[in-house]
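Have a look at the structure below before the remarks.
Protein chains: 2
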Amino acid sequence: MRTASPSSPLWNGLTDPARSVALEVLYHGPLSRAELARRLSLSAGSLTRLSKPLLDSGLLIEVGTQLDNRIGRPAVLLDVEPTSRHFVGVKLTGDEAHAVLTTLRAEVVASQRAPLHSHDPDHVVSTVGELVSGLVGHAPDTVALGVSVGGRADDNTTVTSAPFLDWTDVPLGKMASDATGLPCVVENDVVAVTEAEHWFGAGRDCERFALITIGAGVGYGLVVHDQLVGSPDIGTGLAGHISLDPGGPPCGLGHKGCAAAMLTIPAIHAAVSVGLQREVSYDECLDLALRGDPVASRVVTDAGRALGRLIALVGNLTMPHKIILTGDGIRLASVAEDVMLQRIADERDAAASTLDLDVQTFDFFEWARGAAVIAIQKYVLGHLSPATSSPPSPSR
Amino acid sequence: MRTASPSSPLWNGLTDPARSVALEVLYHGPLSRAELARRLSLSAGSLTRLSKPLLDSGLLIEVGTQLDNRIGRPAVLLDVEPTSRHFVGVKLTGDEAHAVLTTLRAEVVASQRAPLHSHDPDHVVSTVGELVSGLVGHAPDTVALGVSVGGRADDNTTVTSAPFLDWTDVPLGKMASDATGLPCVVENDVVAVTEAEHWFGAGRDCERFALITIGAGVGYGLVVHDQLVGSPDIGTGLAGHISLDPGGPPCGLGHKGCAAAMLTIPAIHAAVSVGLQREVSYDECLDLALRGDPVASRVVTDAGRALGRLIALVGNLTMPHKIILTGDGIRLASVAEDVMLQRIADERDAAASTLDLDVQTFDFFEWARGAAVIAIQKYVLGHLSPATSSPPSPSR
DNA sequence: AGAGTTAGTTTCGTAGTAGAATTTATGTCT
DNA sequence: AGACATAAATTCTACTACGAAACTAACTCT
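First to last, the protein sequences are chains P and A.
In terms of my numbering, the first sequence opens at residue 1 and continues consecutively.
In terms of my numbering, the second sequence opens at residue 397 and continues consecutively.
Given below as structure tokens:
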């Protein structure tokens, strides 16, 4: 069924204008040649010329004609064949590795996870290797691997620091590449999720947006002028250190009411568990708050207000067109929606435009999907180092 | 002495690559052709071709050879002739108009101010007209006028709202253009100062920076990816509404401890004057604090801490390479430096890079210079509407 | 003096573009 | 049904701007 061999170039030897055509189609869905010409400010003639080789190589395909046009010749829609290439994304936490196999459009085809019994890089890499080979079985045309971690990554190759794994300067990219035979890129987990929203999610048609994740920590990502704001400080607790409530509980560093101490799953879990003198799961905390339990209600309401404040700060200081809320603990935003919205309104100028909030549903595999998106980006932009050409080592 | 007549095209009919060469020279000082080729990723041959007509037209001039080169043929430096064109910038406040005449590089050549006896747009425009004709006397080659106001400006032509002038939807650009015979651009005052720092100030070699102004209000500007972040919300009190100290005094809208209530000249002036039961000027407030007056010290210390918090928030949420502090009240940052820096450190991750703070000296005419920079930008980018070709009306 | 190095110019082949003319494929109107 | 309008897509030609390479120029170092 599949025609192109995994080693065929496809996205590799493209000229700049040809790549821009392919990219426009990749993230703005099926488009006609005429529409592409308008978007890229090219003549119709140029578009025919540029699209011809892309169609010949199978990178683009014609997918029927436009339905909703009124008069004149119907436009033939061009699209990428999303299943022409596959990608694997892996997210590492302190005790598990989550992996997904995705198409070129970051649609998840299969997923898998495995526990990490140790933080030893060799052990982690071999676990990653097993996950990858399991998933690649579904798609021999897999061309790249992305790995994300909570922490700092340098140059898409090295994990500079990862507190949850107690890692410093681990050359994860090279190690994973050697173990899997796939070119591998490494990135911070929040950056990866931000790019996933940017290219294939709620941030797709948005030249400026911010993303806040609630989970084990508070994550923060920013896209301005259609480009991620990258800083060496990403991966340190930027948003997590922001004080949101001077009367709130202290975090590990003694900051009272900072985001990490008010909004994270562990913080809410701990506050409610202590208050009720029993272990209460995060979801149970939220359920209790909904049912009016006084302890849980107070914790969750305080958290909702703190989240509202954080959102207002981000809104005022980065002027985003949209703020995306996501992460495995984001249910907080629904449960405490009222106080959150009230707090946002309180800290915004009445004349300012209302903030467009976008609460995403979130499954833990989204973290892994983000990692796959980093791999997709590097692949289609031609930034992928040609990988160590070693074949995947036979498992074990 | 001057060769080009004011109406000669010069920056008008440039092709894109030619303009990029001229711009690179404009804001990165004298550069050799070889250096330009490297910076713009062009071949040496292309640079000869591109620079030739720019030199012929007088837009660029050769200004001697490079001093500090070690070996090989010495490089001939190209530069713009900054006095080949002049610009006028005007800043409007509620009771005065400040105006400056600048060169192409935004160097102030002359300045002047006039009181505004009324907020009637016609009166204001005629005052602007008088200031302009006074300044243009020094430089008949003046090619554009920029006007800045505290408030919102749409499309560089209309003042959408300006609280200090009680204006709504005043077509200031057209009116000032008619009155002066110069093409006129209108912009928010903080945006204008931000662009001045961006092109010709501390932000010149910085692809991402934030700017905070302390004055009658608190202003906030942001440049990311070497481009100003523009939003319709600019001109509403974005930064001013941020709550910085829950125990602080309330602002006019009842927000306790918000930036507008803690950091502005009027706020500090009022707090100290009330505390000491006599009128105390802003500078006197700061002097008293330095000399240990308990009332002034407390107000100024609280303000310094609040400023530190604002800076930390901006630093954490926009990850700037630099934060520029400026405005007519910026002496606060020096007087309360210690508490300010302490507060910044408290709200930043220890592993995060230290924030590069740049406190600018500020003269009120800087506001007007910013307006001139907007005019310069529009002129050199070719975005200037060709102006109503009416000659300046003979004054009176 | 001659080798080495960098700056700038000239020439020339080529890639990529726009634009006009043409063909194809629908609609609407009478 | 046929004329006409509209728009998409293709083909062809001319042009432009670029880089590569060869060359000249100016200077340093040995």
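For glycine and all other residues, C-beta sits at the position ideal for the given N, C-alpha and C.
Check: Between the region 736-753 of chain A and chain P, which residues of the former have CB atoms less than 7 Å from a CB of the latter, in chain order?
Finding: Cβ contacts with chain P: Glu743, Arg744, Asp745, Ala747, Ala748, Ser749.
Next item on the list: Could you tell me which chain P residues have their CB closer than 7 Å to the CB of A:Asp629, listed as they occur along the chain?
Entry: Here the question's residue 629 of chain A lines up with position 233 in the second sequence. Here the neighbours are Met319, Ala352, Ser353.
Notebook entry, point to check: Counting along the chain, where does the alpha helix (DSSP H) carrying P:Thr301 start and finish?
Noted result: As a first step, residue 301 of chain P is located in the first sequence; it is residue number 301 there, counting from the start. Per DSSP, P:Thr301 is one residue of the alpha helix (DSSP H) stretching across 294-318.
Next item on the list: Measure the C-alpha to C-alpha separation of A:Val566 and A:Asp585 and round it to an integer number of angstroms.
Entry: Here residue 566 of chain A is taken as the residue at index 170 of the second sequence, counted from 1. Here residue 585 of chain A is taken as the residue at index 189 of the second sequence, counted from 1. Computed Cα separation, rounded: 16 Å.
Margin query: In the DSSP assignment, the beta strand (DSSP E) including A:Trp563 goes from what residue to what residue?
Written below: On the second sequence, position 167 is the one that residue 563 of chain A refers to. Bounds of the beta strand (DSSP E) holding A:Trp563 are 563-566.
Note to self: According to DSSP, simplified to helix, strand and coil, what is A:Ser639?
What the structure shows: Taking the second sequence and counting its residues from 1, the one referred to as residue 639 of chain A is at position 243. Correct three-state label for A:Ser639: strand.
Checklist line | Which of helix, strand or coil DSSP assigns to P:Leu428 | finding: Beyond the ends of chain P as shown, which are 1 and 396, falls residue 428 of chain P; an answer cannot be given.
Notebook entry, point to check: If A:Phe605 sits next to A:Lys718, beta carbons under 8 Å apart, how far is it from one beta carbon to the other, in whole angstroms?
Noted result: For this step, residue 605 of chain A is matched to residue 209 along the second sequence. For this step, residue 718 of chain A is matched to residue 322 along the second sequence. About 4 Å; that satisfies the 8 Å criterion.
Note to self: Just to make sure I have the definition right: I need the residues of chain A whose C-beta is within less than 7 Å of the C-beta of P:Thr236. Which are they?
What the structure shows: Residue 236 of chain P sits at position 236 when you count from the first residue of the first sequence. Within chain A, the residues near P:Thr236 are Asp745, Ala747, Ala748.
Next item on the list: For P:Ala162, go through chain A and note every residue whose CB falls closer than 9 Å to its CB, in chain order.
Entry: On the first sequence, residue 162 of chain P is found 162 positions in, with the first residue counted as 1. Within 9 Å Cβ-Cβ: nothing; P:Ala162 doesn't reach chain A, min ~12 Å.
Next item on the list: Under the assumption that P:Val100 contacts P:Ser111 (Cβ atoms under 8 Å), give the Cβ distance between them as a whole number of angstroms.
Entry: Locating residue 100 of chain P in the first sequence gives position 100, counting from the first residue. Locating residue 111 of chain P in the first sequence gives position 111, counting from the first residue. Indeed they touch by this definition, with Cβ atoms about 4 Å apart.
Item checked: P:Leu290: first and last residue of the uninterrupted alpha helix (DSSP H) it sits in -> By one-based count along the first sequence, residue 290 of chain P stands at place 290. Following the DSSP letters along the chain, one finds P:Leu290 inside the alpha helix (DSSP H) bounded by residues 282-290.
Next item on the list: Please classify A:Asp412: does DSSP put it in a helix, a strand, or coil?
Entry: Along the second sequence, read from residue 1 onward, the residue named residue 412 of chain A stands at position 16. A:Asp412 falls in the helix class under three-state DSSP.
Checklist line | Identity of the residues DSSP links to A:Ser557 by a beta bridge | finding: Against the second sequence, residue 557 of chain A aligns to sequence position 161. Answer is A:Arg548, A:Thr564.
Notebook entry, point to check: For a contact meaning CB atoms closer than 7 Å, what does A:Ala707 contact in chain P?
Noted result: Mapped onto the second sequence, residue 707 of chain A falls at position 311. Here residue 707 of chain A turns out to be Ile, not Ala, going by the sequence shown. Neighbours of A:Ile707 across chain P, judged by C-beta separation under 7 Å, do not exist; the nearest C-beta is about 11 Å away.
Note to self: Measuring alpha carbon to alpha carbon, tell me which residue in P:Ser57, P:Val76, P:Gly94, P:Gly72 is nearest P:Ser84.
What the structure shows: In the first sequence, the residue the question calls residue 84 of chain P occupies position 84. It is P:Ser57.
Notebook entry, point to check: Quick one: does A:Pro642 have its CB under 7 Å from some CB of chain P?
Noted result: The residue labelled residue 642 of chain A in the question sits at position 246 within the second sequence. Under the Cβ criterion of 7 Å, A:Pro642 is counted among the residues facing chain P.
Item checked: Beta-bridge partners of A:Val582, as assigned by DSSP -> Sequence index remark: in the second sequence, residue 582 of chain A carries index 186 (1-based). Residue pairing by DSSP places A:Val582 opposite A:Val543 in a beta bridge.
Margin query: Buried or exposed for A:Leu721, going by 16 or more other Cβ atoms inside 10 Å?
Written below: Position 325 of the second sequence holds residue 721 of chain A. Buried, because 16 or more other Cβ atoms sit within 10 Å of the Cβ of A:Leu721.
Check: Can you tell which of A:His779, A:Thr714, A:Val417, A:Pro413 has its C-alpha closest to the C-alpha of A:Val625?
Finding: Position 229 of the second sequence, counted from the first residue, corresponds to residue 625 of chain A. For A:Val625, the nearest C-alpha among the options comes from A:Thr714.
Next item on the list: Go ahead and pull the three-state DSSP assignment for A:His594.
Entry: Taking the second sequence and counting its residues from 1, one reaches residue 594 of chain A at position 198. Three-state DSSP puts A:His594 in a helix.
Next item on the list: Output yes or no for whether 7 Å exceeds the beta carbon distance between P:Arg309 and P:Val339.
Entry: Position 309 of the first sequence, counting from 1, holds the residue named residue 309 of chain P. Position 339 of the first sequence, counting from 1, holds the residue named residue 339 of chain P. Cβ distance not < 7 Å, so P:Arg309 and P:Val339 don't count as in contact.
Note to self: Closest to P:Val186 by C-alpha separation, out of P:Leu211, P:Leu47, P:Val125, P:Ser133, would be which residue?
What the structure shows: Within the first sequence, the letter at position 186 stands for residue 186 of chain P. Comparing Cα positions, the closest option is P:Val125.
Notebook entry, point to check: Hey, quick one: how far does the alpha helix (DSSP H) through P:Ala351 stretch, first residue to last?
Noted result: As a working note, residue 351 of chain P is residue 351 in the first sequence. That residue, P:Ala351, is in no alpha helix (DSSP H); it is neither H nor E in DSSP.
Next item on the list: Look at the Cβ atom of A:His621, then the Cβ atom of P:Gln360, and state whether they are nearer than 7 Å.
Entry: What you label residue 621 of chain A is simply residue 225 of the second sequence in a count that begins at 1. What you label residue 360 of chain P is simply residue 360 of the first sequence in a count that begins at 1. Contact: no.
Next item on the list: Output yes or no for whether 7 Å exceeds the beta carbon distance between A:Leu488 and A:Val545.
Entry: Counting from 1 along the second sequence, the entry for residue 488 of chain A is found at position 92. Counting from 1 along the second sequence, the entry for residue 545 of chain A is found at position 149. For A:Leu488 and A:Val545, yes; Cβs fall inside 7 Å.
Next item on the list: Indicate whether A:Ala502 and A:Val776 have their beta-carbon atoms separated by less than 7 Å.
Entry: On the second sequence, position 106 is the one that residue 502 of chain A refers to. On the second sequence, position 380 is the one that residue 776 of chain A refers to. A:Val776 is positioned such that its CB atom lies no closer than 7 Å to that of A:Ala502.
Notebook entry, point to check: Whole-angstrom Cβ separation of A:Ser428 and A:Ala471, contact assumed at under 8 Å?
Noted result: What you label residue 428 of chain A is simply residue 32 of the second sequence in a count that begins at 1. What you label residue 471 of chain A is simply residue 75 of the second sequence in a count that begins at 1. 3 Å between Cβ atoms; contact.
Notebook entry, point to check: How many angstroms separate the CA atom of P:Asp287 from the CA atom of P:Leu307?
Noted result: By one-based count along the first sequence, residue 287 of chain P stands at place 287. By one-based count along the first sequence, residue 307 of chain P stands at place 307. Going by the C-alpha atoms only, they are around 18 Å apart.
Notebook entry, point to check: At a Cβ threshold of 7 Å, is P:Asn12 touching chain A?
Noted result: The sequence position of residue 12 of chain P within the first sequence is 12, counting from 1. Under the 7 Å criterion on CB atoms, P:Asn12 is classed as non-interfacial with respect to chain A.
Margin query: Can you tell me whether P:Arg396 is helix, strand or coil according to DSSP?
Written below: Reading the first sequence from its first residue, position 396 is the one you call residue 396 of chain P. Summary for P:Arg396: the model assigns pLDDT 35, below 50, so the residue's position carries little reliability; its value from the coordinates is reported in the next sentence. DSSP places P:Arg396 outside both helix and strand once states are collapsed to three, so it counts as coil.
Check: For the region 182-203 of chain P, which residues have a CB atom closer than 9 Å to at least one CB atom of chain A, in sequence order?
Finding: Against chain A - using a Cβ distance shorter than 9 Å - the region 182-203 of chain P contributes no residues.
Check: Going along chain A, which residues have a C-beta under 7 Å from P:Ser243?
Finding: Translated into positions along the first sequence, residue 243 of chain P becomes position 243. Residues of chain A whose Cβ lies closer than 7 Å to the Cβ of P:Ser243 are, in chain order, Glu743.
Notebook entry, point to check: Roughly how many whole angstroms lie between the Cα atoms of A:Leu446 and P:Thr15?
Noted result: On the second sequence, residue 446 of chain A is found 50 positions in, with the first residue counted as 1. On the first sequence, residue 15 of chain P is found 15 positions in, with the first residue counted as 1. Each residue's alpha carbon lies about 24 Å from the other.
Checklist line | Straight-line Cα distance separating A:Ala764 from A:Thr523 | finding: Locating residue 523 of chain A in the second sequence gives position 127, where the first residue counts as 1. Locating residue 764 of chain A in the second sequence gives position 368, where the first residue counts as 1. Rounded to the nearest whole angstrom, the C-alpha separation of A:Thr523 and A:Ala764 is 15 Å.
Next item on the list: Within the same chain, show all residues whose beta-carbon is closer than 6 Å to that of A:Val532, passing over the 5 residues directly before and after it, in chain order.
Entry: Looking up residue 532 of chain A in the second sequence gives position 136. So the list reads Thr538, once near-sequence residues are dropped.
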